[in-house]
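To start, the structure under review is shown below, and the notes come after it.
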Amino acid sequence: MNTQLKKGILELCVLAVLDKKDCYGYELVNEISKNIEISDGTIYPILRRLNQEGYFTTYLQESQEGPPRKYYKLTELGKNTKEKLLKEWFDYVKEVNSIVMEGGSNE
Amino acid sequence: MNKKEFLHILEISLSDFDDEEKKEILYDYEEHFRIGEESGKSEYELIKELGDPNKIANQYRTSNKNENNDVPRDKIEKDRPTIVSVIVGSALLLLLLFNLIFILGPYIGIAASIIGLFAAAIGIIIGGIGMTFGMILSPLLPQFISMPNGIPGFAIILLGN
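Taken in order, these protein sequences are the chains called V and C. Going by our numbering, 93 is the number at position 93 of the first sequence; the sequence numbering is gapless. Our numbering runs 1000 ahead of the 1-based position in the second sequence.
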């Protein structure tokens, strides 16, 4: 698949997972890679870039198992961006479907 | 390749990043290994899932480069003073000077005369009120108020109004 497109979709996935709850990196990576076939190493660079763009903030939180973990928390900007990307995604899917499903859904 | 080697290769491929950035990036993978192992995965499984450290480093580089290419390219062109921008700049400066002298001068003049007329009007009103009260009160309090002679009373009332 087009890498640019895939990148955009991954961004949306990251933002969508964080919109549900704050996550630490490993949790977030697992959440995405269990559904999308992608090497885990791809997510961290995206996380870093989105962080630099101010879509989320990070904080350290203690865990029962051991040292503190770095959690990511969506900012207002991140939430708005997620909504925007989500809308773009749905529009895009609809447009593509209307081409590839032609004849199938239109009786 | 084990965890140490993975982190080492990553660190080397990130050698053109500044130390602070490199530390932050490496921290993410150290944490990833730590939590991954706590949840029962082996180093090797985790490395396999992460992928090639050189490729990962390149992704940081391209995301940085994209940003650099997106923003500063326009900035550089803006910062460089071309002949056109010098001409436009000096033209704007001249226009500003012209406006200051030929537009602002008369403008201030007109504004000043309007303010002057306004002040004069207020003065006349107050004077009129004074004259009117003076004329009414002068028969009662002759020792405090003296009205100019030779002006008939009705004229003072007219002035006052």
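We put the beta carbon where it would ideally sit given N, CA and C, even for glycine.
In terms of alpha-carbon separation, which member of the options lies closest to residue i?
| i | options | result |
| --- | --- | --- |
| Y71 of chain V | V:V100, V:K82, V:L85 and V:V17 | V:V17 |
| K1022 of chain C | C:G1040, C:F1098 and C:L1007 | C:L1007 |
| E1030 of chain C | C:P1053, C:D1018, C:S1015 and C:F1017 | C:P1053 |
| E1038 of chain C | V:S63, V:G8 and V:I9 | V:S63 |
| A1057 of chain C | C:A1119, C:K1041, C:S1085 and C:D1028 | C:D1028 |
| K82 of chain V | V:D19, V:G66, V:L5 and V:K73 | V:D19 |
| Y59 of chain V | V:I9, V:G66 and V:K73 | V:K73 |
| E1009 of chain C | C:K1055, C:S1138 and C:I1125 | A quick correction: the sequence has Ile, not Glu, at residue 1009 of chain C. Cα-wise, what sits closest to I1009 of chain C is C:K1055. |
| E37 of chain V | C:S1113, C:E1049, C:E1043 and C:L1026 | C:E1049 |
| R1061 of chain C | C:I1103, C:S1013, C:K1041 and C:T1132 | C:S1013 |
With a threshold of 8 Å between beta-carbons, can residue i be considered close to chain C, or not?
| i | result |
| --- | --- |
| T42 of chain V | yes |
| K6 of chain V | no |
| V17 of chain V | no |
| Y55 of chain V | no |
| K84 of chain V | no |
| G25 of chain V | yes |
| S39 of chain V | yes |
| E95 of chain V | no |
Does residue i get closer than 8 Å to chain V when you measure Cβ to Cβ?
| i | result |
| --- | --- |
| H1166 of chain C | An answer regarding residue 1166 of chain C cannot be provided, because it is not within the stretch 1001 to 1161 covered by chain C. |
| E1045 of chain C | no |
| K1003 of chain C | no |
| G1036 of chain C | yes |
| G1109 of chain C | no |
| G1051 of chain C | yes |
| I1056 of chain C | yes |
Quick check for students: name the residue ranges of the beta strand (DSSP E) that lie wholly in the region 19–80 of chain V, counting only runs of 3 or more. At a cut-off of 3 residues, the continuous stretches assigned as beta strand (DSSP E) that sit fully inside the region 19–80 of chain V are 56–61 and 69–74.
Using a Cβ-Cβ cut-off of less than 8 Å, list which residues of the region 1009–1027 of chain C approach chain V; keep chain order. Taking 8 Å as the upper bound on Cβ-Cβ separation, chain V lies near residues E1024, I1025 and Y1027 of the region 1009–1027 of chain C.
Scan the region 63–76 of chain V for residues whose Cβ lies nearer than 8 Å to a Cβ of chain C and list them as they occur along the chain. So the list reads E65, G66, P67, R69 and K70, given in the order they occur along the chain.
Taking 8 Å as the cut-off, does the region 43–56 of chain V touch the region 68–88 of chain V (at least 3 CB pairs, one atom from each stretch)? By the Cβ test, the region 68–88 of chain V is in contact with the region 43–56 of chain V, since at least three Cβ pairs between them sit closer than 8 Å.
Sufficient close CB pairs (3 or more, under 8 Å) joining the region 88–97 of chain V to the region 1032–1048 of chain C: In short, these stretches do not touch, since the Cβ pair count stays below three.
Selection of the region 1116–1128 of chain C by Cβ proximity to chain V, strictly under 9 Å: The residues in question: there are none.
Flag this pair as touching only if the region 36–47 of chain V and the region 8–23 of chain V have three or more C-beta atom pairs under 8 Å; answer yes or no. With a cut-off of 8 Å, the region 8–23 of chain V and the region 36–47 of chain V count as touching, because enough Cβ pairs lie within range.
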